[in-house]
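In the working numbering, the protein residues as written are 9 to 345.
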Ligand code: DAH
């Protein structure tokens with residue numbers, strides 16, 4: 009029996025070295041040290057031995073039990089972050105603690121923050137407006153006629169006949185001008201909603217930043233100056249900007265603002281479709297009808313407005329090719345920013 013015990017000790021110590029998980033530790037405990045384990049089995053047989061032998065073998069069995077228990081505790085510490093009490097009653101308070109992973113701001117929040125700072129340095133204040141909005145602010149006051157396709161059920165989420173989820177942040181222009189007299193310099197970041205089918209470039213919810221500057225004497229040169237300074241600050245000092253004629257009901261004239269492709273520096277690549285240019289936002293001089301809707305005299309005041317998609321801007325800056333990545337909460341994506 010003594011030999012058998014020594015052999016068991018040998019095997020158990022060998023096995024201890026290979027334990028790698030909580031389950032394996034527990035199996036080991038049950039197999040050797042458990043109530044119905046191998047050691048208990050030998051101890052139960054002690055009574056069959058002559059007294060002399062019983063003393064020696066009993067002592068040996070006890071020593072092995074102590075040794076294996078210690079060994080198991082040791083293995084627990086190596087394998088487990090927190091030794092479950094079932095396996096080991098020992099808690100070593102001197103072990104180093106575990107740092108919980110640190111969170112960080114979402115890349116879209118970072119992008120909005122950076123853009124706010126750039127416009128903030130040019131004297132623009134940050135304002136916000138409601139996401140559930142009256143049709144009046146989303147369309148009518150913005151000179152968008154009743155038969156305009158964007159007013160269609162297919163292009164706007166309606167809550168009721170005259171209440172909707174805003175489809176653009178241009179609504180905030182109207183809300184600000186109704187409350188304040190010029191001079192006005194604001195940017196308005198926020199969520200917008202459109203019933204688009206979700207794919208790599210579309211989402212039913214995304215973010216826009218609206219901008220508005222109104223004063224006596226504001227002209228198209230100011231629009232160009234402010235936006236090109238923004239483009240160079242955000243995308244890098246070598247960024248060139250160009251304006252292409254466009255149409256928006258609430259601006260006249262209107263422009264699509266493009267920057268030289270930040271990835272290929274204007275040479276032409278797959279991101280810019282070979283053209284060397286990327287559209288980053290829409291802009292224009294505020295339409296006189298918009299001023300009339302808020303009670304401003306279009307003969308006295310002029311202004312410019314612009315609107316950009318935050319996801320789009322971030323995708324262009326970081327070379328992200330799928331808008332859905334922003335909303336899936338995959339830490340492998342988010343932790344890169
Ligand atoms: N609201 C427009 C959109 O959602 C973007 C836009 C274009 C805003 C031109 C403006 C502007 O203020 O002047 O597509």
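We treat Cβ as the ideally placed atom computed from N, Cα and C, and that holds for glycine.
Note that the C-beta distance between residue 216 and residue 315 is below 8 Å. The shortest CA-to-CA distance from residue 68 to any of 11, 27, 250 and 202 is the one to 11. When the beta-carbon positions are compared, residue 198 and residue 136 come within less than 8 Å of each other.
Residue 327 counts as exposed, since fewer than 16 other beta carbons sit within 10 angstroms of its beta carbon. When only Cα atoms are considered, residue 123 and residue 104 end up about 41 Å apart.
With respect to residue 173, residue 167 sits close: the two C-beta atoms are nearer than 8 Å. Rounded to the nearest angstrom, the gap between the Cα atoms of residue 268 and residue 242 is 13 Å. Distance from the C-beta of residue 259 to the nearest heavy atom of the ligand DAH is below 7 Å.
Taking the Cβ of residue 256 as the reference point, at least one heavy atom of the ligand DAH falls within a distance shorter than 7 Å. Under DSSP, residue 268 forms a beta bridge with 285. Annotated as proximal: residue 294 and residue 222, with beta-carbon spacing under 8 Å. At a threshold of 7 Å, residue 136 does not count as near the ligand DAH, since its beta carbon sits no closer than that to any of the ligand's heavy atoms. Per DSSP, reduced to three states, the secondary structure at residue 71 is helical. Counted as a single uninterrupted DSSP element, the stretch harbouring residue 56 is not any alpha helix (DSSP H), since DSSP gives it neither H nor E.
In the DSSP assignment, residue 199 falls outside any alpha helix (DSSP H) and within the unbroken beta strand (DSSP E) covering 192-201.
Just measuring C-alpha positions, the residue of 265, 152 and 50 sitting nearest residue 297 is 152.
In this structure, the ligand DAH has a non-hydrogen atom nearer than 7 Å to the beta-carbon of residue 262.
The beta carbon of residue 317 sits closer than 8 Å to the beta carbons of 214, 215, 216 and 289 from its chain, once the five residues preceding and following it are set aside; these are given in chain order. Per the coordinates, the alpha-carbon of residue 309 lies some 48 Å from the alpha-carbon of residue 338. Residue 51 holds the alpha-carbon nearest to the alpha-carbon of residue 64 among 51, 76 and 75.
For residue 313, the Cβ falls inside the 7 Å cut-off from some heavy atom of the ligand DAH.
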